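Colleague:
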Amino acid sequence: MSAALLTAKDLSRTYGSRRGLFGVITKVRAVNRVSFSIAAGETLGIVGESGSGKSTMGRMALGLEPPDEGEVRFIGQPIPASGTPAWRTQRARMQMIYQDPLGALDRRLPVTAQVQEPLDIHQLGDSANRPQRAQEMLARVGLSVEQMGRYPHELSGGQRQRVVLARALMTRPDFLVCDEPVSALDVSIQAQVVNLLVELQAEFGLAMLFISHDLRVVRQVSNRVAVMYLGDFVEEGDADDLFAEPLHPYTRALVSAAPVTQRMPGHQRLVLKGEPPNPANRPGGCSFHPRCPFAVERCRAETPALVSVDQGSGRRVACHLIEPSASTLRKAA
Amino acid sequence: MPLLVRIALLWLVGMVLVAIFAPLISPFVYTAPNLRNRLVPPGTLPHILGTDELGRDVLSRLLISIRISLLIAFGASIISAVLGTTLGFLAAYFRGLVEQIVLMLADFQASMPFLILALSVLAFFGNSLALLIGLMGLFGWERYARISRGLAISASAQGYASACRQLGASPVRVYLRHILPNIASTLIVSMTLVFPEVILLESGLSFLGLGVQPPMTSLGNMVGYGREYITRAPWIMLSPALTIVFTTLAVSVLGDWLRDKLDPTLR
Numbered sequence: 001m002s003a004a005l006l007t008a009k010d011l012s013r014t015y016g017s018r019r020g021l022f023g024v025i026t027k028v029r030a031v032n033r034v035s036f037s038i039a040a041g042e043t044l045g046i047v048g049e050s051g052s053g054k055s056t057m058g059r060m061a062l063g064l065e066p067p068d069e070g071e072v073r074f075i076g077q078p079i080p081a082s083g084t085p086a087w088r089t090q091r092a093r094m095q096m097i098y099q100d101p102l103g104a105l106d107r108r109l110p111v112t113a114q115v116q117e118p119l120d121i122h123q124l125g126d127s128a129n130r131p132q133r134a135q136e137m138l139a140r141v142g143l144s145v146e147q148m149g150r151y152p153h154e155l156s157g158g159q160r161q162r163v164v165l166a167r168a169l170m171t172r173p174d175f176l177v178c179d180e181p182v183s184a185l186d187v188s189i190q191a192q193v194v195n196l197l198v199e200l201q202a203e204f205g206l207a208m209l210f211i212s213h214d215l216r217v218v219r220q221v222s223n224r225v226a227v228m229y230l231g232d233f234v235e236e237g238d239a240d241d242l243f244a245e246p247l248h249p250y251t252r253a254l255v256s257a258a259p260v261t262q263r264m265p266g267h268q269r270l271v272l273k274g275e276p277p278n279p280a281n282r283p284g285g286c287s288f289h290p291r292c293p294f295a296v297e298r299c300r301a302e303t304p305a306l307v308s309v310d311q312g313s314g315r316r317v318a319c320h321l322i323e324p325s326a327s328t329l330r331k332a333a
Numbered sequence: 001m002p003l004l005v006r007i008a009l010l011w012l013v014g015m016v017l018v019a020i021f022a023p024l025i026s027p028f029v030y031t032a033p034n035l036r037n038r039l040v041p042p043g044t045l046p047h048i049l050g051t052d053e054l055g056r057d058v059l060s061r062l063l064i065s066i067r068i069s070l071l072i073a074f075g076a077s078i079i080s081a082v083l084g085t086t087l088g089f090l091a092a093y094f095r096g097l098v099e100q101i102v103l104m105l106a107d108f109q110a111s112m113p114f115l116i117l118a119l120s121v122l123a124f125f126g127n128s129l130a131l132l133i134g135l136m137g138l139f140g141w142e143r144y145a146r147i148s149r150g151l152a153i154s155a156s157a158q159g160y161a162s163a164c165r166q167l168g169a170s171p172v173r174v175y176l177r178h179i180l181p182n183i184a185s186t187l188i189v190s191m192t193l194v195f196p197e198v199i200l201l202e203s204g205l206s207f208l209g210l211g212v213q214p215p216m217t218s219l220g221n222m223v224g225y226g227r228e229y230i231t232r233a234p235w236i237m238l239s240p241a242l243t244i245v246f247t248t249l250a251v252s253v254l255g256d257w258l259r260d261k262l263d264p265t266l267r
């Protein structure tokens, strides 16, 4: 991999949650020793169900939340502690897109003022020029001139997300975390916003961490994809390879559940049994084993490591049933 | 705008104008006694509202009283709003020990009858208008502190505050430019609730003889001294008493209307 913009090494984050007033504090391990790296201009997609630790990972990647273990490095330097002046200065280089654009905007300020705000905060450019630069960026993301003076609640969901995108791009950042950026939007709007995101990524040379549970969107946006289950990466690889030939049983279940227009003959829907996982009560061994249709004795006892199965494409899988060689890929079936 | 709110607004504007121009429009010097014209009933020219036990013009005294009482009420309301909101924001930002201390102070303030606190302070430190305003400024701050702390905590958990933080904004910017305008409607409404109470408290203290000291006068002061003549010359205390009632009522009506108006979910 070429020079990485952002590297995360062995990130872990544990929350304590208490049941009832005098209940025992149970530890919830939201993210469990996850490592990844993102090169400049590259998109890493993260998929996984609710509670799999996707958002926590995004927040740790931005330094919004300190990892309990491990470290995030941005251009070789560790990210400063959240809230410090150094961290605030660094915000100009790394930004975030939120799931709920209405919540992410201040409803008492017109959108142009809010898009201009990053320039005011970081004292970029001439203060007289800032409103104009904000309007140029809003025009770039597709807002009309009369929409620029409006308040967030007077815009539609898609327009609001465009405003959030414009605000994030004002300081020309290198790295963008998108936390479920389109899941609150209508399907017809989703495509527009995703296309805009892809265009802007190419134009600004952005690296992205794209978090979503929507496989179609992730596939469209990402160069590489990582699948999370209960805070672990279970599989990581090139987006096209991973969706074309998922290896981990969980990934296979996810991919087979995605709606397609035409099923290939012989396509088998892999339906998972059991309940969705509870992060507070992690199963021993492979955390996926209670729901895995292929689980063997070894899966209950031993936690599989995320190992490379194919050096060329950088494919990594955490499953006992997958041997690290291409010839045995189908063995589990 | 409903008719009642219009009347309330008109009344308050009138009160503020009176307070500003009191020395110019009062027909007599409010301290000038005229022992030949003692206890003249209202309607007798040139004393429209009559005179008191020393022959001082009640209307002139009323105008000056409104000035002093409004000064105390506005000054105190602003001091307590600023103090309470600042402490609430500090509690919301630092959490932990700072929050515990602020909440403890707020609980202490809420559990202590304010009149007793005011009495002891005035008894020890004597009396001056500035001290009285400052003391009244301690009244009601715990409400602003609790409200602003709660709202600021929930606002920072919401998207817009954390989004601003992620943009690199300093806490001062996040709190003053984003959170404060968003919660201002609630604070303004609670200000309109505290304002009448400050007027009443000042009246109560003056009535007890610990508020504004003669020859200076205030609404409560007039009621307090007029009490002795309530059977023979009820007009001495009736006009300031009615002024207190109407002003507090007007502020409450306006506050009620503002709460509905400023709440975006009711619009």
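Residue numbers (this note's numbering), protein chains in the order written: chain A, 1 to 333; chain B, 1 to 267. Just so it is clear, CB atoms sit at the ideal spot from N, CA and C, and this is done for glycine as well. On a predicted model such as this, the values are computed, not experimentally measured, just so you know.
Please classify B:Gly96 as buried or exposed, where buried requires at least 16 neighbouring CB atoms within 10 angstroms.
Modeller: B:Gly96 is exposed by the Cβ-count criterion.
Colleague: Quick check on A:Ile343: buried or exposed, where buried means 16 or more other Cβ atoms within 10 Å of its Cβ?
Modeller: The structure shown has nothing for residue 343 of chain A, since chain A only spans 1 to 333.
Colleague: Would A:Gly157 count as contacting chain B if we go by Cβ distances under 8 angstroms?
Modeller: False, the Cβ-Cβ gap to chain B never drops below 8 angstroms.
Colleague: In angstroms, rounded to a whole number, what distance separates the CA positions of A:Arg345 and A:Gly142?
Modeller: With chain A running from 1 to 333 in the structure shown, residue 345 of chain A is simply not present.
Colleague: Classify B:Gly84: buried if its beta carbon has 16 or more other beta carbons within 10 angstroms, exposed otherwise.
Modeller: buried
Colleague: State the start and end residues of the unbroken alpha helix (DSSP H) segment that holds B:Met191.
Modeller: 180-207
Colleague: Quick check on the DSSP output: what are the complete beta strand (DSSP E) runs of length 3 or more inside the segment 250-319 of chain A, in order along the chain?
Modeller: 307-310, 315-317
Colleague: Determine, for B:Leu187, whether the minimum Cβ-Cβ distance to residues of chain A falls below 8 angstroms.
Modeller: no
Colleague: Candidates B:Val251, B:Leu262, B:Met136, B:Arg259: which alpha carbon is nearest B:Ala8's?
Modeller: The residue with the shortest Cα to Cα distance from B:Ala8 is B:Val251.
Colleague: For the segment 136-168 of chain B, list every residue whose C-beta sits within 9 angstroms of some C-beta in chain A, in sequence order.
Modeller: Gln158, Gly159, Tyr160, Ala161, Ser162, Ala163, Cys164, Arg165, Gln166, Leu167, Gly168
Colleague: Please report the distance separating the alpha-carbon of A:Ser327 from that of A:Ala253.
Modeller: The predicted model places A:Ser327 with a pLDDT of 42, which falls under 50 and marks its position as unreliable; any figure quoted below should be read in that light. Cα to Cα, the separation comes out at about 21 angstroms.
Colleague: Give the single residue among A:Arg291, A:Glu297, A:Val234, A:Ser287 whose Cα lies nearest to the Cα of A:Val307.
Modeller: A:Val234
Colleague: DSSP on B:Arg146, reduced to helix/strand/coil?
Modeller: If DSSP states are grouped into helix, strand and coil, B:Arg146 belongs with the helices.
Colleague: Which residue wins for smallest C-alpha separation from B:Thr248, given the options B:Val194, B:Gln213, B:Ala233, B:Val212?
Modeller: Taking the Cα of B:Thr248 as reference, the smallest distance to any Cα among B:Val194, B:Gln213, B:Ala233, B:Val212 is reached at B:Val194.
Colleague: I'd like the ranges of any alpha helix (DSSP H) spanning at least 4 consecutive residues and lying wholly in the segment 155-204 of chain A.
Modeller: 157-169, 187-204
Colleague: Is there a C-beta anywhere in chain E that falls below 8 angstroms from the one on B:His178?
Modeller: Although the question refers to chain E, the structure presented lacks it and instead comprises the protein chains A and B.
Colleague: Counting pairs of Cβ atoms below 8 angstroms between the segment 134-152 of chain B and the segment 56-65 of chain A, do you hit three or more?
Modeller: Inter-segment contact for the segment 134-152 of chain B and the segment 56-65 of chain A is absent: fewer than three beta-carbon pairs are separated by less than 8 angstroms.
Colleague: Taking contact to mean 3 or more Cβ pairs, one atom from each stretch, closer than 8 angstroms, check whether the segment 37-52 of chain B and the segment 19-26 of chain B are in contact.
Modeller: no
Colleague: For chain B, is any of its Cβ atoms less than 8 angstroms away from the one on A:Thr328?
Modeller: Legend: pLDDT at A:Thr328 = 45, less than 50; position of this residue unreliable, value from coordinates given subsequently. Taking Cβ atoms only, chain B never reaches closer than 8 angstroms to A:Thr328, which makes this a no.
Colleague: Taking A:Met208 and A:Leu176 to be in contact with their CB atoms under 8 angstroms, please state how far apart those CB atoms are, rounded to whole angstroms.
Modeller: About 5 angstroms separates the two Cβ atoms, so the contact holds.
Colleague: Where does A:Asp100 sit, in a helix, a strand or coil, going by DSSP?
Modeller: coil
Colleague: Can you tell me whether B:Leu201 is buried or exposed? The criterion is at least 16 other CB atoms within 10 Å of its CB, across all chains shown.
Modeller: buried
Colleague: Just mark A:Gln132 as buried or exposed, buried being the case when its beta carbon has 16 or more other beta carbons within 10 Å.
Modeller: Flag for A:Gln132 reads exposed.
Colleague: Pull up the DSSP beta-bridge partners for A:Thr43, would you.
Modeller: A:Thr43 is bridged to A:Met208.
Colleague: So that I know if they touch, is there some Cβ in chain A lying closer than 8 angstroms to that of B:Ser170?
Modeller: yes
Colleague: Taking 7 angstroms as the cut-off, does the CB of B:Leu83 come closer than this to any heavy atom belonging to the ligand SAM?
Modeller: What this structure holds is no ligand at all, so the ligand SAM is not there to describe.
Colleague: How long is the line joining the alpha carbons of A:Leu105 and A:Thr89, rounded to whole angstroms?
Modeller: 21 angstroms
Colleague: Please classify B:Tyr93: does DSSP put it in a helix, a strand, or coil?
Modeller: helix
Colleague: Smallest Cα separation from A:Leu230: which of A:Leu197, A:Cys178, A:Thr56?
Modeller: A:Thr56
Colleague: Could you have a look at A:Gln77 and say whether DSSP puts it in helix, strand or coil?
Modeller: strand
Colleague: In this structure, does DSSP put A:Leu6 in helix, strand or coil?
Modeller: Here A:Leu6 carries a strand assignment [DSSP, helix/strand/coil].
Colleague: Along chain A, which residues have their Cβ under 8 angstroms away from the Cβ of B:Arg173?
Modeller: Ile121
Colleague: Quick check: the segment 73-82 of chain B against the segment 49-60 of chain B, are at least 3 beta-carbon pairs closer than 8 angstroms?
Modeller: no
Colleague: Among residues of its own chain, excluding the 5 on either side of B:Gln109, which ones have a beta-carbon nearer than 6 angstroms to its beta-carbon?
Modeller: Glu142
Colleague: State yes or no: is the beta carbon of A:Pro118 nearer than 8 angstroms to at least one beta carbon in chain B?
Modeller: Interface flag for A:Pro118 against chain B is set, since a Cβ pair is found closer than 8 angstroms.
Colleague: Enumerate in chain order the residues of its own chain whose CB-to-CB distance from B:Val16 is below 6 angstroms, with the five nearest sequence positions on each side excluded.
Modeller: none
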